[in-house]
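Peer 1: If you're matching positions, the sequence shown starts at 22 in the working numbering and goes up one per residue. Where is the CB? At the ideal position from N, CA and C, for every residue including glycine.
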Amino acid sequence: MRRLVASLFLAIALLVPAAEAATRWGWLGVRIRDLSEQEMEEISKRFGLREGFGAVIVEVIKETPAAAAGLRTGDLVVAFRDRPVVDTRGLQRAIAATTVGESVKLTVLRREEGRRPVQVQVGAMPDAVAAERVAAEYGFLVRDPDGQPEPGGARPPGSLGLTGAGWARA
């Protein structure tokens, strides 16, 4: 019986970290946007691509996996693991689905350097960023309850409750 209990504890101890890791989204630490039609045309001509595609990095957040890998504002991510990146949504999903800690190859176009590979070790998406992502996806706002006013405004001091005419004072 003790052996069974010990085996169960060991199994739980091994599975809990794996379950927690599976619920974490991968994260680079960049803000990206889709290409405009004009940018697509320019990139197609400049780099000899049949059509312009990719996600433009508009900001690299300090002290993130992207910053550590040397990604720069203005880089155009055109491939993730040698698969074309067509738009921001596709890149976001690919990164989010990547195991935290895994090193992946991005292919970027830089104005001065052309096409180049960049290895990035994917980090864990911070909780605040994950909350923003979920809120944007499902159309609601996630906030910390500390310091938030009560719905309808705070109660006046000394109030007992609502009456038909408004706040009743003690």
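#1: Quick check: the region 59-70 against the region 137-144, are there 3 or more CB pairs under 8 Å?
#2: Decide if PHE101 is buried, meaning its Cβ has at least 16 other Cβ atoms within 10 Å, or exposed.
#3: Where do the ends of the alpha helix (DSSP H) carrying LYS66 lie?
#4: Which first and last residues belong to the alpha helix (DSSP H) in which VAL150 is found?
#5: Between the C-alpha atoms of LYS126 and GLY160, what's the straight-line distance to the nearest angstrom?
#6: Can you tell me which of the three DSSP states ILE116 falls into?
#7: Taking the beta strand (DSSP E) that GLU80 falls in, what are its first and last residues?
#8: Output needed for PRO86: all residues of its chain with C-beta closer than 8 Å, excluding positions within five of it in sequence on either side, in chain order.
#9: Would the beta-carbon of LEU92 fall within 8 Å of that of VAL77?
#10: To the nearest angstrom, report how far apart GLU58 and VAL121 are at their CA atoms.
#11: Tell me TRP48's beta-bridge partners as DSSP assigns them.
#12: Give the secondary structure of VAL125 by DSSP, where H, G and I count as helix, E and B as strand, and everything else as coil.
#13: Exposed or buried, what is PHE74 when buried is set at 16 or more other beta-carbons lying within 10 Å of its beta-carbon?
#14: By how many angstroms is the C-alpha of GLU133 removed from the C-alpha of PRO147?
#15: Smallest Cα separation from VAL98: which of LYS83, THR109 and ALA156?
#16: Identify whether ARG136 lies in helix, strand or coil by the three-state DSSP scheme.
Peer 2: Based on what the coordinates show:
#1: no
#2: buried
#3: Per DSSP, the continuous alpha helix (DSSP H) segment holding LYS66 begins and ends at 58-68.
#4: Looking at the DSSP string, the run of the alpha helix (DSSP H) that includes VAL150 is 148-159.
#5: If you take the alpha carbons of LYS126 and GLY160, they lie about 32 Å apart.
#6: Reduced to three states, the DSSP call for ILE116 is helix.
#7: 76-81 is the span of the beta strand (DSSP E), which, as asked, contains GLU80.
#8: TRP48, LEU49, GLY50, VAL141, GLN142, VAL143 and GLY144
#9: no
#10: Distance between GLU58 and VAL121, taken at the CA atoms: about 34 Å.
#11: GLY144
#12: strand
#13: buried
#14: Taking the straight line joining both Cα atoms gives about 32 Å.
#15: THR109
#16: strand
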